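I have placed the structure first, in the form of structure tokens, so that the comments after it can refer back to it.
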Ligand SMILES: Nc1nc2c(ncn2[C@@H]2O[C@H](COP(=O)(O)OP(=O)(O)OP(=O)(O)O)[C@@H](O)[C@H]2O)c(=O)[nH]1
Ligand SMILES: Nc1nc2c(ncn2[C@@H]2O[C@H](COP(=O)(O)OP(=O)(O)OP(=O)(O)O)[C@@H](O)[C@H]2O)c(=O)[nH]1
Ligand SMILES: [Mg+2]
Ligand SMILES: [Mg+2]
């Protein structure tokens, strides 16, 4: 809330700090505030509260109008690929999405596509047991594409609706790992499956690197959306503003905790209100 | 990069022969933007810029042959001073074992770096024991056991509760004659009162000689909140900075160092257990400046 009642330099500074502090980033913040300055001139705003409302309204407008559905393909099984850098919440998110799908009456097969990290398959298998989904895994160190291919074949055999494919965390700076991911995406469609979602899982505590991640991952595997995790913490996840504006990639889901039910659809209004709370 | 931004300004003022107050302000504005883009917390940036201004005001820039160089050097110097200071030298407990506690947010790299640290202690001639006190994340203990096997370090855990596991792990280390104990804990939010109380109790139970906050190098503005809360609850001895093999500028490290006032002890630079070493402030300083 703006402490000053009349708009002055301190008012603008407070707004700048709120945006920067929320990881909206320098460029997006400057752009938003420059646009707001024009509106103040044009509309003759004088109160700090008017200014905050105008900024919130502007951000909400810019964040709305995106496709936030998780799409199923015309023919089953659909394949939803979960990608992202290390430790962001991909495996946990798959557990939550599986529960969501099962509650909606659909059958889910999980693919343990992280064949690299210690106990990755065991972690996913635990989630599968918890929600009542099948989990197809391979051997540690095996080919991730083969695991996902097998999972899709299994899903087709049992008439499952969706394959949730887990992948190993990887930094976009690793050329060979991004190439491996491209192959994973290609192979996921070789069999009976159709890739209808490629979701970047992004940690809300991430700073400006989040935009770089989105740029690199979409270049590699053509992202359909973002899952913003750990928004139950104090971080605001403001980097998604630039991700949506610059790359047109919508945030579809938000992770709000570590249990199976802690997943909600992304709501632009709630997000903007929380940013300034 | 900061150098490009500053070059533009200096090219314009070079002809004038002396630097005015306004010129210095303009330069400092560019440095501020570069640091914010590097994820340094905006409050930390404010204090940092004030310090750099003091350096520059006293340094007779207008008389310098190459004022541009002087500014970049002043910023670089101030960054290294803030990030560095004394390297953490591990001193071992006179009555073993030396207890190390690993804490931090979810997914920051605690479990992997517990194993990396164990491997590092082995290279120093020590005999560590890993204690898996994360009983909440699915397969967390398996993860630690798998990593322990890779480096032939024993792993202790039991399905009781985190505080009891930590305590029992310490007893086990004494029983086995291990001289270092590394306690891995569950990731937790700094604003989760219950979980922060739990880690405080773990600390109370094992009285660590070293408590490390494990921080992801790509963390943004919120790093300050995290560092303050963990430091208030646990009294940190150092920070372990992870995922430095990415291209995040790493400004969170500056924020954390500023707020906690304890050394960044180690740097994790990859997914393999060998990608781990003592922290070098000069490398990070260059990276933050961009
Ligand atoms: N508070 C909170 N924690 C979360 C959320 N999502 C995931 N986590 C936690 O984040 C940590 C990492 O989650 P994982 O699912 O293992 O992340 P990952 O991306 O699969 O990690 P890698 O496979 O190692 O790259 C775990 O401790 C999760 O419980 C969330 O929305 N909120
Ligand atoms: N690229 C890279 N990955 C790392 C580094 N350190 C850890 N990781 C990876 O980061 C992910 C998370 O590591 P964990 O050790 O599971 O993190 P954690 O803090 O124990 O996670 P929680 O217990 O869920 O809070 C894993 O995929 C690790 O392999 C690093 O320096 N570089
Ligand atoms: Mg995973
Ligand atoms: Mg862990």
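Protein chains in written order, with the numbering used here: chain X, 180 to 456; chain E, 27 to 316. We put the beta carbon where it would ideally sit given N, CA and C, even for glycine. Nothing here was measured: the structure is a model prediction, and the numbers come from that model.
Legend entry - Extent of the continuous alpha helix (DSSP H) run through residue 332/X: 323-336
Legend entry - alpha helix (DSSP H) segment containing residue 140/E, residue limits: 136-149
Inset, instruction - For residue 119/E, decide whether its Cβ has a neighbour in chain X, counting only Cβ atoms nearer than 7 Å. - result: It does not; no Cβ of chain X falls within 7 Å.
Legend entry - For residue 268/X and residue 331/X, believed in contact at Cβ under 8 Å, the rounded distance: Contact between residue 331/X and residue 268/X is ruled out by a C-beta separation of about 23 Å, above the 8 Å threshold.
Inset, instruction - For residue 160/E, verify whether its CB is less than 6 Å away from any heavy atom of ligand 4. - result: With a cutoff of 6 Å, residue 160/E counts as near ligand 4, since its C-beta is closer than that to a heavy atom of the ligand.
Inset, instruction - Return yes when the Cβ of residue 258/X is within less than 7 Å of the Cβ of residue 374/X, no when it is not. - result: yes
Legend entry - In chain order, each alpha helix (DSSP H) run of at least 4 residues that lies wholly inside the region 222-273 of chain E: 249-260
Legend entry - Simplified DSSP state of residue 264/X, which is helix, strand or coil: coil
Legend entry - Cβ-Cβ distance between residue 68/E and residue 245/X below 7 Å: no
Inset, instruction - Would you check whether ligand 4 has a heavy atom nearer than 6 Å to the C-beta of residue 136/E? - result: yes
Inset, instruction - Return yes when at least one heavy atom of ligand 4 lies under 6 Å from the C-beta of residue 298/X, else no. - result: no
Inset, instruction - Compute every distance between the C-beta of residue 334/X and the non-hydrogen atoms of ligand 4, then say whether any falls below 6 Å. - result: Not under cutoff, so the answer is no.
Inset, instruction - With a threshold of 6 Å, establish whether the CB of residue 206/X neighbours any heavy atom of ligand 2. - result: no
Inset, instruction - Please name the residue or residues paired with residue 294/E in a DSSP beta bridge. - result: 302/E
Inset, instruction - Would you mind stating whether residue 135/E and residue 268/E have Cβ atoms separated by less than 7 Å? - result: yes
Inset, instruction - Tell me residue 154/E's beta-bridge partners as DSSP assigns them. - result: 206/E
Legend entry - ligand 2 heavy atom lying under 6 Å from the CB of residue 300/E: no
Inset, instruction - Anything in chain X within Cβ reach of residue 244/E, meaning under 7 Å, just list it in chain order. - result: What residue 244/E touches in chain X: 385, 386 and 388.
Inset, instruction - Determine the chain X residues that contact residue 142/E at a beta-carbon separation under 7 Å, and present them in chain order. - result: Under the 7 Å cutoff, chain X gives no residues; its nearest Cβ is about 12 Å from residue 142/E.
Inset, instruction - Would you please verify whether the beta carbon of residue 423/X is less than 7 Å from any beta carbon of chain E? - result: no
Inset, instruction - Provide the residue span of the alpha helix (DSSP H) that contains residue 447/X, from first to last. - result: 447-455
Legend entry - Per-residue burial, residue 312/E [other beta carbons within 10 Å of its own, 16 or more giving buried]: exposed
Legend entry - For residue 282/X, the nearest candidate out of 303/X, 311/X and 189/X (CA to CA): 311/X
Inset, instruction - Output, in chain order, the set of chain X residues within a Cβ distance shorter than 7 Å of residue 164/E. - result: By Cβ distance, chain X contributes 302, 305 and 306.
Inset, instruction - Classify residue 108/E as helix, strand or coil using the three-state DSSP reduction. - result: helix
Inset, instruction - With a threshold of 6 Å, establish whether the CB of residue 144/E neighbours any heavy atom of ligand 4. - result: no
Legend entry - is_contact[residue 274/E, chain X] using C-beta, thresh 7 Å: It does; some Cβ of chain X falls within 7 Å.
Inset, instruction - Tell me, please, whether the CB atom of residue 186/X is closer than 7 Å to any CB atom in chain E? - result: no
Inset, instruction - Tell me whether residue 366/X sits in a helix, a strand or coil according to DSSP, three-state version. - result: helix
Legend entry - Bridge partner(s) assigned by DSSP for residue 382/X: 408/X
Legend entry - First through last residue of the beta strand (DSSP E) which encompasses residue 238/X: Segment 227-242 is the alpha helix (DSSP H) holding residue 238/X; no beta strand (DSSP E) there.
Inset, instruction - Compute the Euclidean distance between the alpha carbons of residue 190/E and residue 210/E, then round it to the nearest angstrom. - result: Between the alpha carbons of residue 190/E and residue 210/E lies a gap of roughly 13 Å.
Inset, instruction - Would you please verify whether the beta carbon of residue 410/X is less than 7 Å from any beta carbon of chain E? - result: no
Legend entry - residue 149/E, buried or exposed, once every other Cβ within 10 Å from all chains shown has been counted against 16: exposed
Inset, instruction - Determine the contact status of residue 271/E and residue 296/E, defining contact as a CB-CB distance below 7 Å. - result: In this structure, residue 271/E places its C-beta atom within 7 Å of the C-beta atom of residue 296/E.
Legend entry - Distance, residue 360/X Cα to residue 353/X Cα: 11 Å
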